[in-house]
Amino acid sequence: MGVALYQAKAEFFRMLGHPVRIRVLELLQAGPTPVRDLLAELEIEPSSLSQQLAVLRRSGIVTASREGSTVVYALAGAEVADLLRTARRILTGLIDDRNVLLAELRAASE
Numbered sequence: 011m012g013v014a015l016y017q018a019k020a021e022f023f024r025m026l027g028h029p030v031r032i033r034v035l036e037l038l039q040a041g042p043t044p045v046r047d048l049l050a051e052l053e054i055e056p057s058s059l060s061q062q063l064a065v066l067r068r069s070g071i072v073t074a075s076r077e078g079s080t081v082v083y084a085l086a087g088a089e090v091a092d093l094l095r096t097a098r099r100i101l102t103g104l105i106d107d108r109n110v111l112l113a114e115l116r117a118a119s120e
């Protein structure tokens, strides 16, 4: 693989590297969601959500459509949901490994 491909991958993961963006993507796994519902779930300022949605939209990972005066966001493809599920499995494994180590450390100090 060329350097440009690694750079593109790095930019993709950097785009995912914000807690609000990850939460938005997780919420969108349930299906297309109006901005007002995202705001209610996230409990952040509208301007903050707007910034994060713009990053996701520019990257092509989400789509936006208008239904009357309401803007509705959706995942651009099922692969995004697959990626989030994979990330949860990896994170769960890492946490489980740390919990085992922590239990062993506690047992050794007793």
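Heads up, the sequence shown is in the working numbering, so the first residue is 11 and it goes up one at a time. By construction, the Cβ of each residue, glycine as well, lies at the ideal position given by its N, Cα and C atoms.
(request) Pick out whichever of 43, 48, 30 has its Cα sitting closest to the Cα of residue 77. (result) Looking at 43, 48, 30, the one whose alpha-carbon comes closest to that of residue 77 is 43.
(message) Contact between the region 104-111 and the region 62-70 is defined here as three or more beta-carbon pairs at a separation below 8 Å; is this criterion met?
(response) The answer is no - the region 62-70 does not touch the region 104-111, with fewer than three Cβ pairs under 8 Å.
(message) Beta-carbon within less than 7 Å of residue 38's beta-carbon, same chain only, minus the 5 sequence neighbours each way: which residues are those?
(response) Once the five neighbours on either side are set aside, the close Cβ partners of residue 38 are 72, 83, 84, 85.
(message) If you follow the alpha helix (DSSP H) that residue 60 is in, where does it begin and where does it stop?
(response) Where residue 60 is concerned, the enclosing alpha helix (DSSP H) starts and stops at 56-69.
(message) So, under 8 Å CB-CB, residue 62 and residue 31 are touching, yes? Tell me the CB distance rounded to an integer number of Å.
(response) Yes, residue 62 and residue 31 are in contact; Cβ-Cβ is about 5 Å, under 8 Å.
(request) Mind reading off the beta-carbon distance from residue 48 to residue 34? Whole number of angstroms is fine, and I expect it under 8 Å. (result) Contact between residue 48 and residue 34 holds, with the beta-carbon distance rounding to 6 Å and staying under 8 Å.
(message) Strictly by DSSP, which residues pair up with residue 120?
(response) Answer is none; residue 120 lacks a bridge partner.
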